[in-house]
Amino acid sequence: MHFFVTGAAGFIGSNLVDRLLGAGHFVIGYDNFSTGQERFLEQAQASPNFHLVRGDTLDLPALTEAMRGAEFVFHLAANADVRFGTEHPRKDLEQNTIATYNVLEAMRANGIRRIAFSSTGSVYGEAQVIPTPEDAPFPIQTSLYGASKLAGEGLIQAYCEGYGFQGYIFRFVSILGERYSHGHVFDFYQKLLQNPAELAVLGNGRQRKSYLYVQDCIDAIFLVIEKAQAKVNVYNLGTDEYCEVNDSLGWICGHLVLNPQRNYSGGERGWIGDNPFIFLDTARVRALGWKPKLTIQQGIIKTLEYLQNNQWLLEQRS
Ligand SMILES: NC(=O)c1ccc[n+]([C@@H]2O[C@H](COP(=O)([O-])OP(=O)(O)OC[C@H]3O[C@@H](n4cnc5c(N)ncnc54)[C@H](O)[C@@H]3O)[C@@H](O)[C@H]2O)c1
-12 MHFFVTGAAG
-2 FIGSNLVDRL
8 LGAGHFVIGY
18 DNFSTGQERF
28 LEQAQASPNF
38 HLVRGDTLDL
48 PALTEAMRGA
58 EFVFHLAANA
68 DVRFGTEHPR
78 KDLEQNTIAT
88 YNVLEAMRAN
98 GIRRIAFSST
108 GSVYGEAQVI
118 PTPEDAPFPI
128 QTSLYGASKL
138 AGEGLIQAYC
148 EGYGFQGYIF
158 RFVSILGERY
168 SHGHVFDFYQ
178 KLLQNPAELA
188 VLGNGRQRKS
198 YLYVQDCIDA
208 IFLVIEKAQA
218 KVNVYNLGTD
228 EYCEVNDSLG
238 WICGHLVLNP
248 QRNYSGGERG
258 WIGDNPFIFL
268 DTARVRALGW
278 KPKLTIQQGI
288 IKTLEYLQNN
298 QWLLEQRS
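So the sequence shown is numbered by the working numbering: it starts at -12 and just counts up by one.
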């Protein structure tokens, strides 16, 4: 099959591209390299089935042209960082909502009707029901990132209704693994390299979070696309466990054999829009026969090992 992947040079996108190519598919990757890395695509570039287009999702004519011939679109390009939203409110709107509209319009122009979208557990805001199922009420948005992704979900649903599209909406918890280039493991490791004796921790460290290993995430995506055939298919992707930031910090420090003094900024939330407790109900995807292979702790250690072996990435992203 011919796939089109926006955000192909990113953490999750490049892993997805490698898996699609490995399964014998043709892939057009589309990326503006704002956070994506050339080196993430080295393996893909060696394949005759891969074609890379450097372009921006905000450039609708270029996007439409690049998508020609594709049959299925994975839309992963985004401003993927939930923090700092209030510092640049337009960024989430443009990168996550308008860009999604552009992807849908480019699909419409090309007669492509199937899309998978990387949404987020952040759309639930501070959920009242935990673990949070896909049909839980989520009346209040707490981050511009979550709000902009929810708007993207809404557009996809409306295109499914209005133009006969089929949509797969995946609400991820935080993803871990090879090519991880942003998030708390990255931040803690980078800070500890600079000063192994002290560590600044956002919030009180008691925030409870759930994490999923990137290959487990991709396994789930493939399975859902194969088995779920509704017009709109919404799936939480996460593990059936959570941990405190302090637990994660303990595993990271244990692995690095460090015992820094922890300086907490205090409060239940690390930043505006930080959700003190994210734990998604994944019964829907499990009912299809999926279960993650790695625990949160194993995923965190694997991520840390990847960063230890790829110090270039720390320099690139700092
Ligand atoms: N990593 C996570 O924990 C996580 C959790 C929930 C949802 N998601 C979502 O998954 C997707 C991928 O996230 P990621 O962690 O791989 O992030 P990433 O930043 O590594 O990847 C995003 C990619 O999109 C590209 N991109 C950004 N804006 C673009 C634009 N305007 N035009 C073209 N390309 C553009 C970047 O260069 C990058 O390669 C995002 O949509 C993100 O919101 C990620």
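Beta carbons are placed, not taken as given, at the ideal position from N, Cα and C, and that holds for glycine.
Nearest Cα to Phe(-9) within the set Gln32, Val90, Glu74, Thr73: Val90. Taken atom to atom, the span from the alpha-carbon of Asn223 to that of Arg41 is near 30 Å.
Proximity to Cys240 across Ile259, Ala49, Gln177, Ala86 peaks at Gln177, based on C-alpha coordinates. For the options Ile85, Arg70, Arg101, Arg158, the alpha carbon positioned closest to that of Leu131 is the one of Arg70.
Closer than 7 Å to some heavy atom of ligand 1: that does not describe the Cβ of Ser34. Rounded to whole angstroms, Asn36 and Ile259 show a C-alpha spacing of 43 Å.
Relative to ligand 1, Asp234 has its C-beta separated by 7 Å or more from all heavy atoms. By the Cβ criterion, the segment 108 to 123 is not in contact with the segment 81 to 96, since fewer than three pairs of Cβ atoms, one from each stretch, lie closer than 8 Å. The beta carbon of Ala114 is closer than 7 Å to those of Ala123, Phe125 in its chain, skipping five residues each way along the sequence. Inter-residue distance for Gly0 and Pro76 is about 24 Å (C-alpha atoms, whole angstroms).
Proximity of the beta carbon of Gln285 to ligand 1 is not indicated: no heavy atom of the ligand is located closer than 7 Å. Within the DSSP bridge table, the entry for Lys196 names Cys230 as partners.
By DSSP's assignment, Asp46 forms no beta bridge with any residue. If one requires a minimum length of 4 residues, the alpha helix (DSSP H) runs lying completely within the segment 100 to 164 are 131 to 150, in chain order. Counting only residues of its own chain and dropping the five nearest sequence neighbours on each side, Glu25 has a CB closer than 8 Å to the CB of Ala(-4). In the structure shown, Gln216 falls within a coil segment according to DSSP collapsed to helix, strand and coil.
One thing to note: Leu50 has its Cβ within 8 Å of the Cβ of Tyr17.
In the three-state DSSP reduction, Asp68 falls in the coil class, being neither helix nor strand.
The criterion of a C-beta distance shorter than 8 Å is satisfied by Leu163 and Thr290. By the neighbour-count criterion, in which a residue is buried when 16 or more other Cβ atoms sit within 10 angstroms of its Cβ, Ala86 is buried.
Here Gly154 has Ile102, Ile143, Cys147, Val219 as same chain residues with Cβ atoms under 6 Å from its own Cβ, once five neighbours each way along the sequence are excluded.
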